[in-house]
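In our numbering, the protein residues as written are 11 to 280.
Printed below as a string of structure tokens:
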């Protein structure tokens with residue numbers, strides 16, 4: 011039954027995020043071509059339009075990420091705690107299965123959104139370097155030399171340190187994929203206990219959870235930073251990422267059990 015719920019939820023939830031993702035990728039290509047507008051001899055109007063496109067692309071990155079997050083939160087609320095939610099809870103499945111059928115697609119779109127944003131930035135940056143180098147605006151040879159030098163310096167810092175750093179980055183990113191949706195779901199589940207002010211309660215719960223998370227993260231970060239010695243920053247970054255990632259993992263697990271309890275034992279659809 012969970013498989014059927016996931017299939018239905020994925021189809022229902024994916025339309026708007028797909029549209030927003032396509033729009034962002036198209037805009038990244040258009041913005042990439044805009045680098046031609048800053049070539050030598052280009053008109054002032056062309057340069058102005060180029061800058062406007064860059065700003066539009068920058069704000070689009072933020073808007074798409076934030077828009078998809080808000081959409082996922084609203085969808086979870088509507089399908090769990092409104093009249094539509096009443097129909098959802100009449101299905102012959104338990105609260106745990108319903109919760110998983112919501113959280114898994116949300117986590118999947120959290121990952122996909124991150125990948126789309128990274129891809130859009132890569133497209134924009136690659137096209138910018140291509141056109142800027144072709145027009146002689148930047149010295150591509152010098153840029154590649156700087157990149158090679160950076161890689162060489164990182165290798166000199168120690169292969170094991172670099173490997174641990176990469177693993178720590180992957181760890182905190184993977185945990186973050188689940189942490190974000192779990193915070194949204196938990197906030198909404200807590201907010202529905204506030205009676206007639208459930209939306210305000212959800213918003214307040216979200217900021218409360220974020221505050222606790224930030225305090226816990228800082229409590230992990232400062233001892234690592236104070237105890238750090240040496241010139242190689244990779245161990246500091248690695249320890250920080252592993253520490254904050256672990257805090258995020260613990261918070262995610264705790265929020266899941268709180269949300270599951272509220273969905274199965276304290277459901278309020280009035």
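Every residue gets a Cβ at the ideal spot worked out from N, C-alpha and C, and that includes glycine.
Same chain only: Cβ atoms within 7 Å of residue i, ignoring 5 sequence neighbours per side
| i | result |
| --- | --- |
| residue 42 | 133, 134, 137, 138 |
| residue 67 | 37, 38, 41, 134 |
| residue 70 | 34, 37 |
| residue 111 | 12, 15, 16, 19 |
| residue 175 | 244, 247, 248 |
| residue 179 | 251 |
| residue 187 | 117, 120, 121 |
| residue 130 | 34, 35, 38, 71 |
Residue i - DSSP class collapsed to helix/strand/coil
| i | result |
| --- | --- |
| residue 89 | helix |
| residue 84 | helix |
| residue 77 | helix |
| residue 126 | helix |
| residue 104 | coil |
Start-to-end residues for the alpha helix (DSSP H) that takes in residue i
| i | result |
| --- | --- |
| residue 17 | 12-23 |
| residue 204 | First-last for residue 204: undefined, no H or E at that position. |
| residue 276 | It is not in any alpha helix (DSSP H) - residue 276 carries neither H nor E in the DSSP assignment. |
| residue 222 | 208-236 |
Straight-line Cα distance separating residue j from residue i
| i | j | result |
| --- | --- | --- |
| residue 233 | residue 251 | 13 Å |
| residue 181 | residue 246 | 15 Å |
| residue 13 | residue 140 | 45 Å |
| residue 223 | residue 58 | 42 Å |
| residue 171 | residue 253 | 16 Å |
| residue 24 | residue 123 | 11 Å |
| residue 109 | residue 273 | 8 Å |
| residue 88 | residue 244 | 44 Å |
| residue 75 | residue 192 | 16 Å |
| residue 90 | residue 113 | 12 Å |
| residue 177 | residue 248 | 8 Å |
| residue 267 | residue 206 | 24 Å |
| residue 220 | residue 126 | 25 Å |
| residue 119 | residue 27 | 8 Å |
| residue 204 | residue 271 | 16 Å |
| residue 32 | residue 22 | 17 Å |
| residue 275 | residue 265 | 15 Å |
| residue 60 | residue 45 | 7 Å |
| residue 263 | residue 236 | 29 Å |
| residue 230 | residue 218 | 19 Å |
| residue 92 | residue 103 | 18 Å |
| residue 128 | residue 228 | 27 Å |
| residue 183 | residue 255 | 8 Å |
Spatial neighbours of residue i in its chain, beta-carbon cut-off 6 Å, leaving aside the 5 residues before and after
| i | result |
| --- | --- |
| residue 212 | 197, 198, 201 |
| residue 226 | 257 |
| residue 269 | 195, 196, 199 |
| residue 208 | 201, 202 |
| residue 105 | 273, 274 |
Close beta carbons around residue i, own chain, < 8 Å, minus the five adjacent residues each side
| i | result |
| --- | --- |
| residue 194 | 79, 82, 83, 86, 116, 216 |
| residue 259 | 185, 189 |
| residue 64 | 41, 44 |
Chain C within 7 Å of residue i, Cβ atoms only
| i | result |
| --- | --- |
| residue 28 | Given the protein chain composition of this structure (a single chain), no chain C is represented. |
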